[in-house]
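Residue numbers (this note's numbering), protein chains in the order written: chain S, 6 to 341; chain D, 6 to 341.
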DNA sequence: GTTTAGCACTCAACATATGAGAGTGCTACG
DNA sequence: CGTAGCACTCTCATATGTTGAGTGCTAAAC
């Protein structure tokens, strides 16, 4: 079923008005602001048609109309005009990705900062997991005053731990053991690594240092573990949809126990660019009233990082998409 | 002015009832629960006296009584019975601090996790600032595939950054320059260090690597910078005092722009053990309705870390104090 | 002197009524 | 096909009782 020109105009105006005002749109105001020389009654008829098509909803009998999920979808797919980025933001994005940094973990946190500057979305990011982090080096550095720093380097991140050197332990022998290990296990995925390593390590190093080393490796796995990072909470919570205390509580909970957000991000971000999920298109009930603009970053065939901009369904899709596209391009370039 | 035995009993019962129920306490219920064989009228008289002494408040003419700030203070100082910790929590605390770890930054984040498990307070923590972090080592490690890891070690934390080696740059010459620098500036406070270092570095290392190194050092300062860390937000926001949307918004804002919390923590935590601040005793208007149980950790005469448990004035002081005392002891021992 | 019973009074919270305002659907007409 | 007009609906805000918990005070009892 095709929409004629005017219906599209009306739908688009309703979406954009509603995004801006967060208030249902009535026929009178729309007839005025639309500037087409038609009366409110005509608009009302068009609205009734759009509602019959499932593109608009009524909050109650006598408030204005609000876009439905399908209405937003149509808007995003066909009606929306891509909006150019602000110069300032554009420049900041470019400059971040022109640097020499290759540490994905670091890039994730910096990118998150960038995404949250838009000032109205909840920015979420996911770094590479232990599955696709590969060991490059494991070492112990002298750190003065009887302490050492354990350092683990992978292709995606670095981890460290400052420890008291146990009495009677030789730095040299520790280093030798670690070097040998590094050599042997170089390039191995961190996920497979641990089991093998635990046993190899146990042979060479004894006592408390062994315990600490194992604890350190475990933490490296945990840190490398895919845990969603979040920025821009207050902007997000400031959205008018969270005015009621019950809603705001739900949103806070959603953010705190980030499992749901992680799931959302994983489902929404994929290969090949930026994609949008709207309301009911999300699986879990907690996110049925939210939308997400998301993308994944690929390196050598694997997705090593994922990002998303989350807002109420009434979010500014054009703005979010422009930002996401730009960051996507920058990051892909920087990483590959 | 001395309070007789019964007045103390009444005050204590009111505080503890109110802490548990968050509802003002009336004379009738109190007469019943207190189990003293006196009538509500007698309790009413006692209450009136306590109110005259400034130890109780009335939310309005005809609700029950609520402790005033001074009432809480008297309760904490004289009336409260120290509560023993739960075994489980106690064991977890001990085991964390029996390890070899000396990295304060790491200890801060682990301790914060511990504090937030109490499940009703907002836990805040502050690590050592650049002022009291002293350079131990600055190095560049080969990290494979044309990349290097810059590593900076201080007595309190370690920082790192994974970089692409610029074409034509020699790892050896970079290392030499960094070693020389480490040697020269060893033990210097990170705060004074940078200025001097910037210039020294500029001489030895050129081009993009210089930029990246400077950026790295700047970030080290920023990371080492005293920035308050927060855990347990959702427990805190679940407190009934934040039922109204306006209040909850205020609380969220307080948490997000953490400057006020940092100030609060700095003012409340000091040398020599755990202390309590109640309501109006806090300076800034945003925290007038909150209380904090806080302590600082000393090492060689300097406070290198600070922690606080924040709740509404109606918080469970006995529980918070027990937890704080235990963590304080454990940390002091582990660090010294 | 202390305690208690009794009573009038106060105030928040809840429910109910009322009116205004915004918006809709429908019908009849140009 | 578009428009004017009108009855109708529903939310929101305001006003008005009503209820229940709690207080303060007085006078009598212990």
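Cβ atoms here follow ideal geometry from the backbone N, Cα and C, with glycine treated the same way.
In chain order, what residues of the same chain lie with their CB nearer than 6 Å to the CB of residue i, ignoring the 5 residues before and after it?
{"i": "residue 196 of chain D", "result": "135, 136"}
{"i": "residue 291 of chain D", "result": "259, 265"}
{"i": "residue 33 of chain D", "result": "45"}
{"i": "residue 336 of chain S", "result": "302"}
{"i": "residue 121 of chain S", "result": "128, 236, 237"}
{"i": "residue 165 of chain D", "result": "154, 156"}
{"i": "residue 213 of chain D", "result": "171"}
{"i": "residue 81 of chain S", "result": "281, 322"}
{"i": "residue 187 of chain D", "result": "142, 143"}
Could you tell me how far apart the beta carbons of residue i and residue j are, in whole angstroms, since I believe they sit closer than 8 Å?
{"i": "residue 152 of chain S", "j": "residue 170 of chain S", "result": "6 Å"}
{"i": "residue 300 of chain S", "j": "residue 274 of chain S", "result": "6 Å"}
{"i": "residue 158 of chain D", "j": "residue 154 of chain S", "result": "5 Å"}
{"i": "residue 268 of chain D", "j": "residue 284 of chain D", "result": "Between residue 284 of chain D and residue 268 of chain D the Cβ distance is about 16 Å, and since that is not below 8 Å, they are no contact."}
{"i": "residue 193 of chain D", "j": "residue 140 of chain D", "result": "5 Å"}
{"i": "residue 18 of chain D", "j": "residue 319 of chain D", "result": "Actually they are not in contact, since the Cβ atoms of residue 18 of chain D and residue 319 of chain D sit about 14 Å apart, beyond 8 Å."}
{"i": "residue 252 of chain D", "j": "residue 261 of chain D", "result": "Residue 252 of chain D to residue 261 of chain D, Cβ: 15 Å. No contact."}
{"i": "residue 23 of chain D", "j": "residue 338 of chain D", "result": "Their Cβ separation, rounded to whole angstroms, is 36 Å, which puts residue 23 of chain D and residue 338 of chain D out of contact at 8 Å."}
{"i": "residue 64 of chain D", "j": "residue 248 of chain S", "result": "Not really, about 25 Å apart at Cβ, beyond 8 Å."}
{"i": "residue 210 of chain D", "j": "residue 161 of chain D", "result": "The pair is not a contact, with the Cβ atoms about 26 Å apart (cut-off 8 Å)."}
{"i": "residue 215 of chain D", "j": "residue 316 of chain D", "result": "With a Cβ gap of about 49 Å, residue 215 of chain D and residue 316 of chain D do not count as contacting."}
Below 7 Å CB to CB, which residues in the same chain sit around residue i once its five sequence neighbours on both sides are set aside?
{"i": "residue 31 of chain S", "result": "69"}
{"i": "residue 307 of chain S", "result": "137"}
{"i": "residue 73 of chain D", "result": "59, 60, 61, 62"}
{"i": "residue 85 of chain D", "result": "322, 323"}
{"i": "residue 76 of chain D", "result": "16, 20, 60, 61"}
{"i": "residue 167 of chain S", "result": "148, 152, 154"}
{"i": "residue 222 of chain S", "result": "199, 202"}
{"i": "residue 276 of chain S", "result": "301, 303, 308"}
Mind pulling the chain D residues with CB within less than 7 Å of residue i?
{"i": "residue 163 of chain S", "result": "154, 165, 167"}
{"i": "residue 242 of chain S", "result": "257"}
{"i": "residue 261 of chain S", "result": "238, 239"}
{"i": "residue 213 of chain S", "result": "105"}
{"i": "residue 15 of chain S", "result": "Neighbours of residue 15 of chain S on chain D: none; closest Cβ ~34 Å, over 7 Å."}
Please go through the same chain and pick out, in chain order, the residues whose beta-carbon is closer than 8 Å to the beta-carbon of residue i, but skip the five residues on each side of it.
{"i": "residue 234 of chain D", "result": "113, 114, 117, 129, 130, 131, 132"}
{"i": "residue 89 of chain D", "result": "327"}
{"i": "residue 279 of chain D", "result": "298, 299, 300, 326, 329, 330, 333"}
{"i": "residue 180 of chain S", "result": "144, 145"}
{"i": "residue 289 of chain D", "result": "265, 268, 269"}
{"i": "residue 99 of chain S", "result": "335"}
{"i": "residue 51 of chain D", "result": "11, 12, 15"}
{"i": "residue 83 of chain S", "result": "13"}
{"i": "residue 36 of chain D", "result": "43, 44, 45, 47, 48"}
What does residue i touch in chain S if you count any residue whose Cβ is under 8 Å from its own?
{"i": "residue 248 of chain D", "result": "250"}
{"i": "residue 233 of chain D", "result": "What residue 233 of chain D touches in chain S: nothing, since even the nearest Cβ is about 15 Å away."}
Note down, in chain order, every chain D residue with its Cβ under 8 Å from the Cβ of residue i.
{"i": "residue 254 of chain S", "result": "242, 243, 253"}
Could you list which residues in chain D have their beta carbon closer than 9 Å to that of residue i, in chain order?
{"i": "residue 129 of chain S", "result": "What residue 129 of chain S touches in chain D: nothing, since even the nearest Cβ is about 16 Å away."}
{"i": "residue 281 of chain S", "result": "By Cβ distance, chain D contributes nothing, its closest Cβ being about 27 Å from residue 281 of chain S, past 9 Å."}
Could you tell me which chain S residues have their CB closer than 9 Å to the CB of residue i, listed as they occur along the chain?
{"i": "residue 81 of chain D", "result": "Chain S residues near residue 81 of chain D: none, gap ~29 Å exceeds 9 Å."}
{"i": "residue 265 of chain D", "result": "Chain S residues near residue 265 of chain D: none, gap ~13 Å exceeds 9 Å."}
Under 7 Å Cβ-Cβ, which residues of chain S neighbour residue i?
{"i": "residue 332 of chain D", "result": "Within chain S, no residue comes near residue 332 of chain D; the closest Cβ sits about 20 Å away, beyond 7 Å."}
{"i": "residue 71 of chain D", "result": "Here the premise fails: no neighbours, minimum Cβ distance about 22 Å."}
Compile a chain-ordered list of the residues in the segment 96-112 of chain D whose CB is closer than 8 Å to at least one CB of chain S. 104, 105, 106, 107, 108, 111
Could you please tell me which residues of the segment 298-319 of chain D, in chain order, have their CB closer than 8 Å to any CB of chain S? For the segment 298-319 of chain D, which is checked against every Cβ of chain S, not one residue is closer than 8 Å.
Under 8 Å: do the segment 306-314 of chain S and the segment 106-123 of chain S share three or more Cβ pairs, one atom per stretch? The way I'd put it, the segment 306-314 of chain S does touch the segment 106-123 of chain S; three or more beta-carbon pairs between them come closer than 8 Å.
Count the CB pairs spanning the segment 323-335 of chain S and the segment 119-130 of chain S that are closer than 8 Å, and state whether there are at least three. yes
Contact set between the segment 131-151 of chain S and chain D, restricted to residues whose Cβ is under 8 Å from the partner: For the segment 131-151 of chain S, which is checked against every Cβ of chain D, the residues closer than 8 Å are 141, 142, 144, 146, 147, 148, 149, 150.
Within 7 Å of chain S by C-beta, residues of the segment 215-231 of chain D in sequence order: 217
Given a limit of 7 Å on CB to CB distance, which residues of the segment 24-54 of chain D reach chain S? none
Output, in sequence order along the chain, the residues in the segment 169-190 of chain D whose CB is closer than 9 Å to any CB in chain S. 169, 170, 171
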